[in-house]
Amino acid sequence: MAFKRNPQKFPGATKTVVIGTGDRAVTLGGENVMPLYSFDAPIENRPKVGVEISDSGYDKNVPGIAAYYAGAETIADIAKKAAAMPGADFIAISLEGADPNGENKSVDECVELCKAVGEAVDLPIVVLGCKNHDKDAKLFEKISDALQGKNILVMSASEENYKTVSASAGLAYSQKIGAESAVDINLAKQLNVLISQMGVAADNVVMNVGSAAAGYGFEYVASTMDRVKAAALAQNDNMLQNPIVTPVSDDAWSVKESIVSEADFPEWGPTEKRGVAMEITTAAACLASGSNAVILRHPESVAAIAKFIGELM
Amino acid sequence: MQYRVTFKLESGGDHKVSAAFGENILELANRAGVDIDAPCSGNGTCGKCRLRLISGAVDVTPNTHLSDEDYEDGWRLACQSAVAGDASFFVPGSAEAYKSGIRTADLSSPQETELYEREMAGIFSTGLKKGVAAAREDDYGIAVDIGTTTVTAALIRLSDGQVAAKASAGNGQIRYGADVINRIIQSSKPGGRDKLRRAVCEDTIVPMMETMLKSADVEGNRVRRCVIAGNTTMEHLFVGEDAESIRLEPYVPAFLELHGKKAAELRLPINPEAEVLFAPNVGSYVGGDITAGTLTTLLWNSNELSLFIDLGTNGELVYGNADYMLCCACSAGPAFEGGDISCGMRATVGAIESCAIDEETMEPSYEVVGGEGTVPAGLCGSGLIDTISELFRCGIISPKGKFVRDGRRIRRDEYGAAYVLAFSEETGGRDVELNEIDIDNFIRAKGAIFSAIRTMLNSLDMTVDAIDHIYLAGGIGSGIDIEKAISIGMLPRAELSKYSYIGNSSLFGACAMLISDEAADKVFEIGRNMTYIELSSHPGYMDEFVAACFLPHTDASLFED
Chain A
214 MAFKRNPQKF PGATKTVVIG TGDRAVTLGG ENVMPLYSFD APIENRPKVG VEISDSGYDK
274 NVPGIAAYYA GAETIADIAK KAAAMPGADF IAISLEGADP NGENKSVDEC VELCKAVGEA
334 VDLPIVVLGC KNHDKDAKLF EKISDALQGK NILVMSASEE NYKTVSASAG LAYSQKIGAE
394 SAVDINLAKQ LNVLISQMGV AADNVVMNVG SAAAGYGFEY VASTMDRVKA AALAQNDNML
454 QNPIVTPVSD DAWSVKESIV SEADFPEWGP TEKRGVAMEI TTAAACLASG SNAVILRHPE
514 SVAAIAKFIG ELM
Chain B
585 MQYRVTFKLE SGGDHKVSAA FGENILELAN RAGVDIDAPC SGNGTCGKCR LRLISGAVDV
645 TPNTHLSDED YEDGWRLACQ SAVAGDASFF VPGSAEAYKS GIRTADLSSP QETELYEREM
705 AGIFSTGLKK GVAAAREDDY GIAVDIGTTT VTAALIRLSD GQVAAKASAG NGQIRYGADV
765 INRIIQSSKP GGRDKLRRAV CEDTIVPMME TMLKSADVEG NRVRRCVIAG NTTMEHLFVG
825 EDAESIRLEP YVPAFLELHG KKAAELRLPI NPEAEVLFAP NVGSYVGGDI TAGTLTTLLW
885 NSNELSLFID LGTNGELVYG NADYMLCCAC SAGPAFEGGD ISCGMRATVG AIESCAIDEE
945 TMEPSYEVVG GEGTVPAGLC GSGLIDTISE LFRCGIISPK GKFVRDGRRI RRDEYGAAYV
1005 LAFSEETGGR DVELNEIDID NFIRAKGAIF SAIRTMLNSL DMTVDAIDHI YLAGGIGSGI
1065 DIEKAISIGM LPRAELSKYS YIGNSSLFGA CAMLISDEAA DKVFEIGRNM TYIELSSHPG
1125 YMDEFVAACF LPHTDASLFE D
């Protein structure tokens, strides 16, 4: 008997969120099938890949990254190179240097950096904060103001600062906001409810439901995303239908496998290769679990994941 | 070197005691017979054992429970202070309040008596026959409900079930901690088992029995039967049994049923040969108070599905009907009884027991235990439910319990925000306020209860719609505004007519066991037929709990019409 394809049909679909403007604007989400199930129904907006750059310049310790950005002096140069990376859909600028417990760069300095990036590239811009809730709230407010009309995405609003971020970035400056929760479907939904109660429309909100490098508790990430998608599609839960954007690079490049030198662990092979493998593995796993976009650092990872997505669509 | 420490009680009277350098003031007060409410048993976590230093000096371990002004005023936490010389303390009324005016379901009010008669009539309308084989004409019996906080008892004539006397008192073990876990820890220290046994038996139940016998003019010898119903820990500690295994994995108590105990062995002031029955335990956290209480609910006698909720420090649940019964317990913590709440108190004089808030002005109106004109001193469980429900209804707090509006009554500082119910000008003491940490603690408590209900129903593939009756018991039960409790997701959404309050179901069940062999046998049967779910090892519970820690619930559809 011939195989009869029986597509899963769902009452719900994920919402679409557009970031950026003009020709290069990117639409996230909108699918009504399980992750990557393009054989059940067409996935109109394929998953997207963001390239992460940092306020502190590019990582000169990773030869592949150093070689790719060689010669780039300013953040604008770096952003241009990142935007030219094959497979790049958007640019994500990380402001880790703004962390009050680190370099504590001023808000004004960060605003200038983001403006420079905004002028240098026409790709959509995602601003990754410094992971300090208070500082992030201040950064996002000023950056959203300075980049008005660019339709940027600020990541992230957390339970601690969602009120400020929603009011400024979301409402006053009509930018997009990411709702960040820690690998728990209920917490993810609760934050979406709180943000929606602030009056931010659902098509202005994406979720970062948390992540981990592959092998570092990733099963929790997978099951959380899986349940989020199941609730969004099968239960038509409109508080969990926002697209998921997952910053992968930070986790992938900070685990032991990506850091320890070949001299210390000769049997593990070259450090860089391991880091790339970790980034690709984690990103692929996130996409298979339900992420609508991943944020990566290494040109090889970006190329591999872009190819992975292209071939599955 | 010995020092003199004096405790001056607000209620009158001085207690003098000599003390060694470095001795803990809370322990010293216990030794001096001064009762101080210390729900956390001296861990320094609850901040309730406030005393005021009148003269002398003490060594104080720094803590966050006292403000600088309070400290300047002489306020100290007894448990965080040690003797450093002669000293005298003022013990405020609130510190010993738990002993006196606790509102309990102890048959002392006409409503309680009416409930008792109604519930007893119910139990014996099921076909169970009254009568005790061994009883002679004019024999008496005593039923005791040992609660973690309160002990209640009734002296009953066995032949006709007439209540001859009743009594209630704070559980003397309170000085060893507010919850069963702290008590178990205390009991496992050297000599602890005997200390805890004496605290509940010689210091609490024996005097209650003597008072009842005296007031009814009944000789102790004529009391030939006694029924004890308490949670598993209380029953263990009452007989001096090792309770440590209740607290440790795999949470198996030393006994479920206890037979053949005589009054003499337990040192009760009644006929030495009197048989002492214990309502059976089902598991570590579902004990005899629940099996006896289940008898009262009659859910074992009906084809309709009922949910029995006993709200206390531990929330216990029984669900089922004549064919099956499921039970579980969840740790709600002391929030429902006013613990873990900065201005929390038990339902004694001065407690705000109900509250309404104006949506526009955010001004509160409330009722205080003790009647009009009583100065508010804090919030009890029902007042807490009311206040949080009103704050949420008025949009003053978010579903996460954080303040989202501002005004005269909202106070913000570095630790978060608070709603002031009564300013210090009105109270003459501290402001009565509810802060975000309090609300958070409450949300966890209500989340624990609700998620336990959901987990239990889910394990049967049922929803709350399947429930035909909901019986509420426990001290807090009578004062609860059901509608408000539903509005914040503490109790399941169901028609109000499905809810009923059944008073001190444990004591009523124990009374029925006292006057009827058949009822006693039925309680043992109930105990054996219950399926116990251990939530702490249930895979879905944690998930349900996080979902329930939101107002009213992460899945709002559960609370929509």
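From first to last, the protein sequence lines stand for chains A and B.
Position 301, counted from 1, in the first sequence is what my numbering calls 514; the numbers after and before it change by one each time, with no gaps.
Position 117, counted from 1, in the second sequence is what my numbering calls 701; the numbers after and before it change by one each time, with no gaps.
Think of the CB as a built atom: it goes at the ideal place given N, C-alpha and C, for glycine as much as any other residue.
Keep in mind that this is a model prediction, so the values were computed, not measured.
So, for residue i: in the same chain, excluding its five sequence neighbours on each side, which residues have a beta-carbon less than 6 Å away from its beta-carbon?
i, result
"VAL419/A", "VAL230, GLY391, ASN455, PRO456, VAL458"
"LEU842/B", "PHE862"
"ALA603/B", "TYR587, VAL589, LEU612, VAL667"
"ALA435/A", "SER502"
"THR234/A", "ASN364"
"ALA359/A", "VAL324, LYS328"
"ASP599/B", "In the sequence as presented, Asp is not what sits at residue 599/B; that position holds His. Answer for HIS599/B: PHE591, ALA616, VAL618, listed in chain order."
"GLY488/A", "TRP466, SER471"
Report yes if the C-beta distance between residue i and residue j is below 8 Å; otherwise report no.
i, j, result
"ALA876/B", "ALA813/B", "yes"
"ARG634/B", "LEU612/B", "no"
"VAL952/B", "GLU937/B", "yes"
"GLY1227/B", "CYS663/B", "Summary: the structure shown does not reach residue 1227/B, with chain B confined to residues 585 through 1145, and so no result is reported for it."
"VAL197/A", "ALA305/A", "This structure leaves residue 197/A out entirely; chain A is present only between 214 and 526."
"VAL320/A", "LEU352/A", "yes"
"CYS912/B", "TYR1085/B", "no"
"THR732/B", "ASP778/B", "no"
"VAL1130/B", "ASN399/A", "yes"
"SER1100/B", "VAL716/B", "yes"
"LEU901/B", "ILE1051/B", "no"
"GLY917/B", "ALA1057/B", "no"
"PRO512/A", "GLY277/A", "yes"
"ALA669/B", "GLY640/B", "Residue identity differs from the one stated: residue 669/B is Gly in this sequence, not Ala. Yes; because the gap between Cβ atoms is below 8 Å, this pair is in contact."
By the 10 Å Cβ neighbour count, where 16 or more other Cβ atoms means buried, how is residue i classified, buried or exposed?
i, result
"SER471/A", "buried"
"GLN770/B", "buried"
"THR932/B", "buried"
"ARG530/B", "Because chain B is modelled from 585 through 1145, residue 530/B falls outside the range shown and cannot be assessed."
"SER684/B", "Annotation note: pLDDT 38 at SER684/B (below 50); position unreliable, coordinate value reported separately. Classification for SER684/B: exposed."
"GLY724/B", "Contrary to the premise, residue 724/B reads as Tyr rather than Gly in this sequence. Under this definition TYR724/B is a buried residue."
"ALA847/B", "buried"
"THR880/B", "buried"
"ILE638/B", "exposed"
"PHE673/B", "buried"
"ARG687/B", "At ARG687/B the pLDDT is 47, less than 50, meaning the model places this residue with poor confidence; the figure from the coordinates comes in the next sentence. So ARG687/B ends up on the buried side."
"ALA753/B", "buried"
"ALA280/A", "exposed"
Hey, could you find the ends of the alpha helix (DSSP H) residue i is sitting in?
i, result
"CYS499/A", "484-502"
"GLN770/B", "764-771"
"VAL836/B", "Premise fails: VAL836/B is in no alpha helix (DSSP H) and is neither H nor E."
"HIS346/A", "346-359"
"HIS576/B", "Within the shown structure, residues of chain B are numbered from 585 to 1145, placing residue 576/B beyond reach of any answer."
Looking only at its chain, what residues have a beta carbon closer than 7 Å to the beta carbon of residue i, apart from the 5 residues adjacent to it on each side?
i, result
"PHE1134/B", "PRO983, LYS984"
Got a sec, what are the start and stop residues for the beta strand (DSSP E) residue i sits in?
i, result
"CYS939/B", "935-941"
"PRO460/A", "458-460"
"LEU951/B", "In the sequence as presented, Leu is not what sits at residue 951/B; that position holds Glu. That run of the beta strand (DSSP E) goes 948-952."
"TYR1055/B", "1053-1057"
"LYS592/B", "586-593"
"SER381/A", "No beta strand (DSSP E) holds SER381/A; DSSP gives it neither H nor E."
Return the chain-ordered list of same chain residues with a C-beta closer than 8 Å to the C-beta of residue i, the five sequence neighbours on each side being excluded.
i, result
"HIS820/B", "ASP826, ALA827, ILE830, PRO837, ALA838, PHE839"
"ASN374/A", "HIS346, ASP347, ASP349, ALA350"
Worksheet item: Does the stretch 783-799 of chain B come close enough to the stretch 812-828 of chain B to have 3 or more Cβ pairs within less than 8 Å?
Response: They touch, by the three-pair rule.
Item to complete: Assess, as a yes-or-no matter, whether the stretch 1004-1019 of chain B is touched by the stretch 1086-1101 of chain B under the definition of 3 or more beta carbon pairs within less than 8 Å.
Response: Per the Cβ contact rule, the stretch 1086-1101 of chain B is not in contact with the stretch 1004-1019 of chain B (fewer than 3 Cβ pairs under 8 Å).
Worksheet item: Are three or more beta carbon pairs between the stretch 241-250 of chain A and the stretch 309-328 of chain A nearer than 8 Å?
Response: In short, these stretches do not touch, since the Cβ pair count stays below three.
Fill in: the stretch 220-227 of chain A / the stretch 438-453 of chain A touching (three or more Cβ pairs under 8 Å)
Enough Cβ pairs lie closer than 8 Å, so yes.
Worksheet item: Any contact of the stretch 797-807 of chain B with the stretch 746-754 of chain B, i.e. 3+ C-beta pairs under 8 Å?
Response: Yes, they touch.
Fill in: Cβ pair count under 8 Å reaching 3, the stretch 750-761 of chain B against the stretch 893-913 of chain B
Flag = no, the stretch 750-761 of chain B and the stretch 893-913 of chain B do not touch.
Item to complete: Could you tell me whether the stretch 282-297 of chain A touches the stretch 245-255 of chain A, using the rule of 3 or more Cβ pairs below 8 Å?
Response: Per the Cβ contact rule, the stretch 282-297 of chain A is not in contact with the stretch 245-255 of chain A (fewer than 3 Cβ pairs under 8 Å).
Fill in: the stretch 1106-1118 of chain B in contact with the stretch 866-886 of chain B per 3-pair CB rule at 8 Å
Yes: at least three Cβ pairs fall under 8 Å.
Worksheet item: Touching or not, the stretch 849-860 of chain B and the stretch 826-840 of chain B, by the rule of three or more beta carbon pairs under 8 Å?
Response: Segments in contact, no.
Worksheet item: If you pair each beta-carbon of the stretch 472-481 of chain A with each one of the stretch 401-410 of chain A, do three or more pairs fall below 8 Å?
Response: Fewer than three beta-carbon pairs drawn from the stretch 472-481 of chain A and the stretch 401-410 of chain A are found closer than 8 Å, and the two stretches are therefore not classed as touching.
Discussion item. Using a Cβ distance threshold of 8 Å, determine whether the stretch 1065-1081 of chain B contacts the stretch 896-911 of chain B, with at least three qualifying pairs required.
Written reply: At 8 Å Cβ cutoff, the stretches do not touch.
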